[in-house]
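Step one of this worksheet: look at the structure below.
Residue numbers (this note's numbering): 1 to 361.
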């Protein structure tokens, strides 16, 4: 009980300091949190498997075991408030422990406008003409950087991911750091997820584990997406919590990579975001514009888009819709008002970024 109350007090102190002591926010962002994130990666980076995934399995098994014991006592001894009260107490303790660990070590990052502070970009509204101009720019860049998939990327995706994608992604962030865009990325901890089959049906390409600092990637996705998804998850490790922020920083890292496949992957992924925005805007002449944009793409680019679409359709179903609803609620609870649609907000940043390129070169 004393430990539980002490932990609650620590959470309350953290929230109070965050809300009422501006200096604590600066200290958390520049000193405490980066040191904690690097320490996490130091502890888990050397492991060839995902410790966080095993932790999720252990927590699930523990919950199921405690629930089974509670139901068994209920059947044997009948209804007793003490039995269910003990179970509720255990669940509350576990939830409180995980929430505190999450919030104090990672959750505050959702409240920080990192993109605005680091890159001086704003989530401004944009016109349809600006969106079309961005889509044309991305299509041209996608064609320019097109590279055919390497045969080994299909033969053994996990080995290809570990031996090719991870080292190139680390080098990409090193290049981004040399240009002064981000801090140094140290102590890599990037793993193929252990739940790849389940992730396919849930529509998840990758995720960051705030409890262990690991970046997990679903290596079953089309290989052309692996470079950008890896850079996206690494952006979370750098403290860019919002999904649009991780998208943008991942895009910057991938487009600064020496490996042309990374540049192609980033431009292609952002092109799909721009096309989705145009498709959902509802303007009558956007269908003609999208048709013309499609016709401008190289045959190899079209094949890759067909592969991505075929992969998504093969696993589409109730599981991915349920997960999207749950994750939408999670994002909204963490100050991302647009929920799952916050990924799409990267378009507003790219339009501003494109203007910066035009103005400053």
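Glycine included, every Cβ here is placed at the ideal spot set by N, Cα and C.
Fully enclosed beta strand (DSSP E) runs of no fewer than 3 residues occupy 190-192 of the stretch 144-207, in order along the chain.
Between the stretch 342-357 and the stretch 271-280, the count of Cβ pairs shorter than 8 angstroms is three or higher; the stretches touch. As DSSP reads the structure, residue 217 sits in a beta bridge with 192, 206. Following the DSSP letters along the chain, one finds residue 118 inside the alpha helix (DSSP H) bounded by residues 114-119. Here residue 50 is buried. Its C-beta has 16 or more other C-beta atoms within 10 Å. Annotation for residue 246: the continuous alpha helix (DSSP H) segment containing it runs 243-255. For residue 5, the enclosing alpha helix (DSSP H) starts and ends at 2-20.
Counting along the chain, residue 316 sits inside no alpha helix (DSSP H), nor does DSSP assign it H or E at all.
In this structure, the straight-line span from the alpha carbon of residue 204 to that of residue 70 is close to 33 angstroms. The Cβ atoms of residue 264 and residue 146 sit closer than 7 angstroms to each other. Straight through space, the alpha carbons of residue 176 and residue 140 are spaced by roughly 23 angstroms.
In this structure, DSSP gives residue 238 a state outside helix and strand, which the three-state scheme calls coil.
Boundaries of the alpha helix (DSSP H) around residue 44: 33-44. Minimum Cα-Cα distance from residue 356 among the listed residues 106, 17, 119 corresponds to 119. Close CB contacts of residue 301 within its chain, under the 8 angstroms cut and outside five residues either way in sequence, are with 142, 143, 146, 268 (chain order). Just so you know, the alpha carbons of residue 99 and residue 11 end up roughly 9 angstroms apart. One thing to note: residue 254 has its Cβ within 7 angstroms of the Cβ of residue 231. Distances from the CA of residue 14 to each of 127, 68, 105 were compared; the closest alpha carbon is that of 105. Judged by pairs of C-beta atoms under 8 angstroms, the stretch 236-243 touches the stretch 204-222, as three or more such pairs exist.
In terms of Cβ geometry, residue 161 and residue 219 form a close pair [threshold 7 angstroms]. Between residue 109 and residue 246, the gap from beta carbon to beta carbon reaches 7 angstroms or more. The closest CA to that of residue 278, considering only 48, 130, 81, 85, is found on 130. Between residue 214 and residue 67, the C-beta spacing is not below 7 angstroms. Assigned with DSSP and collapsed to three states, residue 126 falls in coil, not helix or strand. By the neighbour-count criterion, in which a residue is buried when 16 or more other Cβ atoms sit within 10 angstroms of its Cβ, residue 314 is exposed. For residue 49, the three-state secondary structure derived from DSSP is coil.
Taking a cut-off of 8 angstroms on C-beta distances, the stretch 26-41 touches the stretch 173-192, as three or more cross pairs fall below it. In this structure, the CA atom of residue 83 is about 11 angstroms from the CA atom of residue 75. Sequence-distant partners of residue 259 (beyond 5 residues in either direction) whose C-beta falls short of 6 angstroms from its own C-beta, in its chain, are 168. When C-alpha distances from residue 193 are compared across 26, 343, 52, 9, the shortest belongs to 52.
Judged by beta-carbon spacing, residue 201 lies beyond the 7 angstroms limit of residue 345, meaning their Cβ atoms are not closer than that value. Boundaries for residue 80: no alpha helix (DSSP H) harbours it, and the DSSP string shows neither H nor E there. Straight-line spacing of the CA atoms in residue 136 and residue 297 works out to 10 angstroms.
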